[in-house]
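Below is one structure; the comments refer to it alone.
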Amino acid sequence: MSWSGMVAVGAALAVCGAALGAGPAGADMSLNGTDPVASGCAAKTSVTANLPLPDERGETTALTLRVLRSPACDTTWVEIDNPYPDGTAEVHTSIAVAATDIRYQRTAARTGWQISPQVFAPGRTCIKVSATVTSAGRVLAGGGPATKIC
Numbered sequence: 177m178s179w180s181g182m183v184a185v186g187a188a189l190a191v192c193g194a195a196l197g198a199g200p201a202g203a204d205m206s207l208n209g210t211d212p213v214a215s216g217c218a219a220k221t222s223v224t225a226n227l228p229l230p231d232e233r234g235e236t237t238a239l240t241l242r243v244l245r246s247p248a249c250d251t252t253w254v255e256i257d258n259p260y261p262d263g264t265a266e267v268h269t270s271i272a273v274a275a276t277d278i279r280y281q282r283t284a285a286r287t288g289w290q291i292s293p294q295v296f297a298p299g300r301t302c303i304k305v306s307a308t309v310t311s312a313g314r315v316l317a318g319g320g321p322a323t324k325i326c
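Taken in order, the sequence shown gives residues 177 to 326; the numbers are from the working numbering.
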């Protein structure tokens, strides 16, 4: 092979390698159910939605469910800030890829940020999210049907 032929092949391989490496490393179904912070996906996020969580009478509360997306990882998860003292209230978060049976839930009874596991949701993949804050079996906020976001 001539020198110019080897240069052309090398240039073609470099272009193909750049195209293949254009996406984020590890952005695939293996991210389902993982922690967005531990995986590094939470480093750069955008807020997809802020969903107010009403109380059991439908009245406005100070609680909001935030839906976050990592463009680099093509994942989505939910967060809620629990203002109640540790052990006083449980926060139940749920996220599911709407067109599949992939569903993750997390429950915590501590004050502060509660983060659900993330789901791999590339592009405009629809997800369903929900949250309920309870105390002694009584719903303090949320608890309604899951909200579909596309």
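Heads up, the beta-carbon is just placed ideally off N, CA and C, and yes, glycines get one too.
Could you round the C-beta distance between residue i and residue j to whole angstroms and report it? I think they count as a contact, below 8 Å.
i: A317; j: V309; result: 4 Å
i: S215; j: W253; result: No, S215 and W253 are not in contact; Cβ-Cβ is about 10 Å, not under 8 Å.
i: A203; j: P212; result: Wrong, their Cβ atoms sit about 12 Å apart, outside the cutoff.
i: T210; j: R245; result: Contact flag wrong, Cβ pair sits at about 15 Å.
i: Y260; j: T224; result: That belief does not hold up - the Cβ atoms of Y260 and T224 are roughly 25 Å apart, past 8 Å.
Is the separation between the beta-carbon of residue i and that of residue j shorter than 7 Å?
i: V243; j: V305; result: yes
i: W289; j: D262; result: no
i: L241; j: L227; result: yes
i: T236; j: L229; result: no
i: T276; j: S311; result: no
i: A307; j: T269; result: yes
i: E255; j: A285; result: no
Might you give, ordered along the chain, the residues of its own chain that have their beta carbon closer than 6 Å to the beta carbon of residue i, omitting 5 neighbours on each side?
i: A190; result: Bear in mind that a pLDDT of 34 at A190, under 50, signals an unreliable position, so the number given afterwards is only what the model happens to contain. Counting only Cβ-Cβ distances below 6 Å, and skipping sequence neighbours, we find nothing.
Looking only at its own chain, which residues have a Cβ that is under 7 Å from the Cβ of residue i, when we skip the five neighbours before and after it?
i: A198; result: Bear in mind that a pLDDT of 36 at A198, under 50, signals an unreliable position, so the number given afterwards is only what the model happens to contain. Within the same chain, A198 has no close Cβ partners at all.
i: I303; result: T252, I271, A272, V273, A274, V295, A297, I325
Based on DSSP bridge pairs, tell me the residues matched to residue i.
i: Y260; result: None, per the DSSP bridge assignment.
i: E266; result: T310
i: R279; result: A272
i: T301; result: According to DSSP, T301 bridges with nothing at all.
Start and end of the beta strand (DSSP E) containing residue i?
i: G288; result: 288 to 291
i: A317; result: 314 to 318
i: A322; result: Per DSSP, A322 belongs to no beta strand (DSSP E) and is neither H nor E.
i: T240; result: 240 to 246
i: V223; result: 222 to 228
i: T237; result: That residue, T237, is in no beta strand (DSSP E); it is neither H nor E in DSSP.
Please list, in chain order, all residues of the same chain as residue i whose beta carbon is under 8 Å from its beta carbon, the five residues on each side excluded.
i: G320; result: P230, S306
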